[in-house]
């Protein structure tokens, strides 16, 4: 994760109200910037006394100067003092108007009318999400934090120290990471700051990382354990991890998913294979990689949000971020660059606090928010994972080099259920895809339909018509024909919502007596201590088979096996029809 400079976004119509309007008519409030070399402490005292005013703040880092409330008549004299660079009126700034972060636009949440993103806090997504992180700023006005636990607590009894998750100890964020994650998941649609993927969802702050953003696996596991024990939290976000594979992580997450909790994890920021990182490697978790998106739009034409001289931006719009981990464990991608979200107010220049951060830590909460939207409609953890990965789009460039392009999160079809509202109708069931293979040896044909799939559910039945008036059922099945010929075989699959599809292929069984393959021919060559058996087809065609010694041969015109002299008998079996030939030395 990269921390960049604060982005301040002001509304076009931002009003500025002078405090002089509410102060005494002849007094005003001002900010004085001193020239380089002037001592702010000394000059603020001296000039305040000369102007007959009251000193306010003294600045020495961002600027060299001070604030003051003083008679307006003294303004010109202050401006003309040789130690003063310039003087400005101290103006009251209104709250910044709500903006839609680029990531929310890029996944099409803001374009989805069902979300009703209008800057009015009248709808909140009816779901509970646990943020296992550095905590959450529980007083942030843009977040709906309803509870949580501090898992960094300890208790000493009889000389032994016990660590535990304490719901009665504050899980307030003493860093910034967890609050930023929480805002992407569920910042309120309230007209200020930002809006999350699942606006207003109930947030649970589970503090498992300290003020440095670090924590032991044991504490994180305790946090997972605490969430599962609550039995009312549908989604868990873990924007954390480290190198190495942890079986304990996998067990804990597997059990959490089995209990009904959707677990979303960050892939990691090492630009490496996520197979070697925990908890990213865990198959039952939804592992998220990061997309570099600059403008919330498709097309790859965006300009980086980082434009200061100190920023050297090597990322390319609409590509997998350079820092993002990749590989087979990754299930889905989401925006993880230039992500603007909430941070604790004490870390920001303005209140409430907002900041732009990068990382798979920022990508994962986009998916957690989408999972919360689906959870509000009662979908199970497995259904949520299936839906998100099957409805993603591929409108970006994956230059990771792993040959696996994961889908990009797409919220355009999601329909949130808000607190107090009736569940929307479920999305239309998608038809399963029927696929099968045929393999005939003589009059016996094997059919395998396990390659069939259902994008939004499970296939519950496989029904076969073998073309000779007989039927069968099962994903994998064998059928014996009574005579050779060409048969049209049809397989029909039905999913768990009664949708069905079918596919037909030709099966061509042959009569072993009249339509068999070439005969096997064998030879023997003595090699001193060893001897070699060679086998060919009588017509010179390639063959595949197995020797009784254990060696195999695949698609070769000559199959050979060499063994010691003490082995006196070897048999070769041809795979295609089971024909055998034996050589006795």
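Residue numbers (the working numbering): 1 to 585. All C-beta atoms in this analysis are idealised placements derived from N, C-alpha and C, irrespective of residue type, glycine included. No experiment lies behind these values; they were computed from the predicted model shown.
By the neighbour-count criterion, in which a residue is buried when 16 or more other Cβ atoms sit within 10 angstroms of its Cβ, residue 247 is exposed. Per DSSP, reduced to three states, the secondary structure at residue 432 is coil, with no helix or strand assignment.
DSSP places residue 475 in no alpha helix (DSSP H); its state is neither H nor E. Judged by pairs of C-beta atoms under 8 Å, the segment 468-484 touches the segment 438-445, as three or more such pairs exist. Rounded to whole angstroms, residue 498 and residue 468 show a C-alpha spacing of 27 Å. The beta-carbon separation of residue 275 and residue 267, rounded to 10 Å, does not stay under the 8 Å limit for a contact.
In this structure, the CA atom of residue 245 is about 24 Å from the CA atom of residue 178. Boundaries of the alpha helix (DSSP H) harbouring residue 383: 381-390, taken from the DSSP string.
Apart from sequence neighbours up to five positions away, the residues of its chain that approach residue 519 with a beta-carbon distance below 6 Å are 538, ordered along the chain.
The Cβ neighbour count for residue 277, taken over all protein chains shown within 10 Å, is at least 16; the residue is labelled buried. The C-beta distance from residue 540 to residue 553 rounds to 15 Å, too long to meet the 8 Å contact threshold.
Three or more beta-carbon pairs separated by less than 8 Å are not found between the segment 222-234 and the segment 313-323, which leaves the two stretches without contact. For residue 28, there is no enclosing alpha helix (DSSP H); the enclosing beta strand (DSSP E) covers residues 27-34. The way I'd put it, the segment 282-299 does touch the segment 322-333; three or more beta-carbon pairs between them come closer than 8 Å.
Contact check for residue 47 and residue 78: beta-carbon distance about 6 Å, within the 8 Å limit, so the pair qualifies.
Per the coordinates, the alpha-carbon of residue 409 lies some 10 Å from the alpha-carbon of residue 387. Taking all protein chains shown into account, residue 521 has fewer than 16 neighbouring C-beta atoms within 10 Å of its C-beta and is therefore exposed. Within 10 angstroms of the beta-carbon of residue 332 lie 16 or more other beta-carbons, which makes it buried.
About 7 Å separates the beta carbons of residue 372 and residue 186, which is inside the 8 Å limit, making them a contact pair.
Within a 10 Å sphere around the beta-carbon of residue 235 sit 16 or more other beta-carbons, which makes this residue buried. The closest CA to that of residue 551, considering only 561, 346, 297 and 417, is found on 561.
Around the beta carbon of residue 449, 16 or more other beta carbons sit within 10 angstroms, so the residue counts as buried. Of the candidates 64, 417, 69 and 68, 64 places its Cα closest to the Cα of residue 85.
Between the alpha carbons of residue 532 and residue 578 lies a distance of about 22 Å. The three-state reading of DSSP puts residue 584 in strand, counting E and B together.
C-alpha of residue 407 to C-alpha of residue 451: approximately 20 Å in a straight line.
A direct Cα-Cα distance of roughly 16 Å separates residue 433 from residue 474. DSSP places residue 236 in the strand class (E or B) of the three-state scheme.
With contacts defined as CB atoms closer than 8 Å, residue 335 and residue 237 fail to qualify as a contacting pair. In its chain, beyond the 5 residues on either side, no residue has a beta carbon closer than 6 Å to the beta carbon of residue 404. Note that the segment 131-143 touches the segment 165-183; at least 3 beta-carbon pairs, one per stretch, sit closer than 8 Å. Taken atom to atom, the span from the alpha-carbon of residue 563 to that of residue 549 is near 8 Å. The straight-line gap separating the alpha-carbon atoms of residue 207 and residue 239 is approximately 12 Å. Contact between residue 505 and residue 438 holds, with the beta-carbon distance rounding to 6 Å and staying under 8 Å.
If you compare the alpha carbons of 430, 436 and 145 with that of residue 455, the shortest gap goes to 430. Put simply, the backbone Cα of residue 89 is about 26 Å away from that of residue 193.
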